[in-house]
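Just so you know, the sequence shown maps onto residues 179 to 474 in our numbering.
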Amino acid sequence: MEPVDRLYLDALAADAEVPAGSLRPQLLAGARARRRPAAPTAAWARPYAGRVAAMDALLASAGDDDWSRVVVEGWNLQELVAHLAAKDGLLAAAVGAPVLGPPITASDALGRTADVQAHERARSPEQTRRDWRAQADALCRHLAALAPEAPATLDGMETAVRDHALARALETWIHADDAARAAGVRLPHPVPEHIHPTADLCARLLPWTMLLSGLDGAGRALHLTLTGPGGGEWHVPLGVADTGAREPQARITADVVEFCFLLGGRGEPESFAAELEGDLGLARDVLRAAPALSGP
Numbered sequence: 179m180e181p182v183d184r185l186y187l188d189a190l191a192a193d194a195e196v197p198a199g200s201l202r203p204q205l206l207a208g209a210r211a212r213r214r215p216a217a218p219t220a221a222w223a224r225p226y227a228g229r230v231a232a233m234d235a236l237l238a239s240a241g242d243d244d245w246s247r248v249v250v251e252g253w254n255l256q257e258l259v260a261h262l263a264a265k266d267g268l269l270a271a272a273v274g275a276p277v278l279g280p281p282i283t284a285s286d287a288l289g290r291t292a293d294v295q296a297h298e299r300a301r302s303p304e305q306t307r308r309d310w311r312a313q314a315d316a317l318c319r320h321l322a323a324l325a326p327e328a329p330a331t332l333d334g335m336e337t338a339v340r341d342h343a344l345a346r347a348l349e350t351w352i353h354a355d356d357a358a359r360a361a362g363v364r365l366p367h368p369v370p371e372h373i374h375p376t377a378d379l380c381a382r383l384l385p386w387t388m389l390l391s392g393l394d395g396a397g398r399a400l401h402l403t404l405t406g407p408g409g410g411e412w413h414v415p416l417g418v419a420d421t422g423a424r425e426p427q428a429r430i431t432a433d434v435v436e437f438c439f440l441l442g443g444r445g446e447p448e449s450f451a452a453e454l455e456g457d458l459g460l461a462r463d464v465l466r467a468a469p470a471l472s473g474p
């Protein structure tokens with residue numbers, strides 16, 4: 179069985195308590211009946227394709243109560259899906275894939291989100307869901323023809339298109355989890371072979387999160403151990419211009435999923451569960467800076 183075929187709601191675990199008025203039973207039944215595989219894409223873009231499919235399965239049978247419920251950032255579910263469509267659309271535009279929704283007049287994430295949300299408020303939630311999924315599938319198919327190291331510029335940042343796709347995977351994962359929690363369900367995490375490259379991106383972003391937080395990591399390094407399925411070990415130079423191996427001054431051991439969510443703006447750095455060794459001040463600085471690149 180392909181990994182993406184195991185990402186749907188069949189593995190949803192029953193919560194001990196379901197919020198009053200929840201449409202959980204209908205949502206689960208409908209999602210299982212209407213699950214759709216992710217669009218074919220390159221192996222390096224499958225973490226994104228898999229989370230799109232999982233999010234779509236969650237949305238499959240959402241009713242009026244689910245769509246109108248505030249999920250995160252003061253956004254209801256329809257506005258959250260519009261936000262995902264906005265961010266996906268900016269990547270699509272950067273690589274020449276089709277873009278749905280209003281014409282792009284704002285090339286930054288917040289501006290484009292505001293434009294797409296305004297556009298989608300005049301439409302039905304099902305139309306919003308349909309176009310978000312269609313655009314994501316078109317992007318996946320387009321990525322299949324690109325080399326993973328091909329440069330792409332998104333929101334002012336030029337990097338390999340593979341990393342932009344992994345960033346979309348992380349954000350879609352986090353917002354799918356936001357939506358699942360609001361609906362009173364627990365969404366299975368991605369398969370390990372999708373978690374690992376996402377965690378690798380998070381590890382490689384640490385020099386940038388340090389820099390954006392006003393912390394100078396130049397000349398220092400971290401040994402990062404992430405436990406659980408999809409985890410691994412990373413030697414991370416903490417200066418953005420650092421090259422070559424350096425002896426790590428600090429070590430952090432943490433759960434791989436929790437670490438990815440910390441980078442994605444979920445969790446409190448000060449109370450984050452981790453084992454710290456070596457220069458504890460440096461290790462704590464790394465954790466405090468970790469969410470610096472996260473946005474709504």
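Even for Gly, the Cβ is constructed at its ideal location relative to N, Cα and C.
Beta-bridge pairing by DSSP links ASP457 to no other residue.
For VAL369 against GLY406, the beta-carbon gap comes to about 12 Å, at or over 8 Å, which does not count as contact.
Going by DSSP, HIS342 is part of the alpha helix (DSSP H) stretching over 339-361. In the assembly as shown, GLY274 is an exposed residue. Its beta-carbon has fewer than 16 other beta-carbons within 10 Å. In the three-state reduction of the DSSP assignment, LEU365 falls in the coil class. Judged by DSSP in its simplified three-state form, VAL273 adopts helix. In the DSSP assignment, ALA399 falls within the beta strand (DSSP E) that extends over 399-405.
Separation of the CB atoms of TRP222 and PRO326 is rounded to 5 Å, and the pair is thereby assigned contact status at 8 Å. Across the structure, PRO426 and ARG398 are spaced so that their CA atoms are roughly 7 Å apart. Counting of Cβ neighbours within 10 angstroms places LEU458 among the exposed residues, the total staying below 16. Across the set SER239, THR306, MET233 and THR219, the C-alpha of MET233 shows the shortest separation from the C-alpha of ASP356. In the DSSP assignment, TRP310 falls within the unbroken alpha helix (DSSP H) covering 303-321. ALA260 places its beta carbon 8 Å or farther from that of GLN313.
In this structure, the beta-carbon distance from ALA452 to ALA428 does not fall below 8 Å. With fewer than 16 other Cβ atoms from the protein chains shown falling within 10 Å of its own Cβ, GLU446 counts as exposed. Setting aside the 5 residues that flank it on each side, GLU251 is surrounded in the same chain by PRO474, each with a C-beta closer than 6 Å to its C-beta; the list follows chain order. CA-CA distance, GLY241 to THR350, rounds to 21 Å.
Annotation for HIS372: PRO225 and GLY228 place their beta carbon closer than 6 Å to its own, counting only its chain and skipping 5 residues before and after. Taken atom to atom, the span from the alpha-carbon of GLY417 to that of ALA470 is near 15 Å. Taking C-beta atoms as the reference points, ALA300 and GLY279 fail to come closer than 8 Å. DSSP lists LEU404 as the bridge partner or partners of GLY410.
Assignment of GLU336 by DSSP, reduced to helix, strand and coil, places it in the strand class. Judged by DSSP in its simplified three-state form, ILE282 adopts coil rather than helix or strand.
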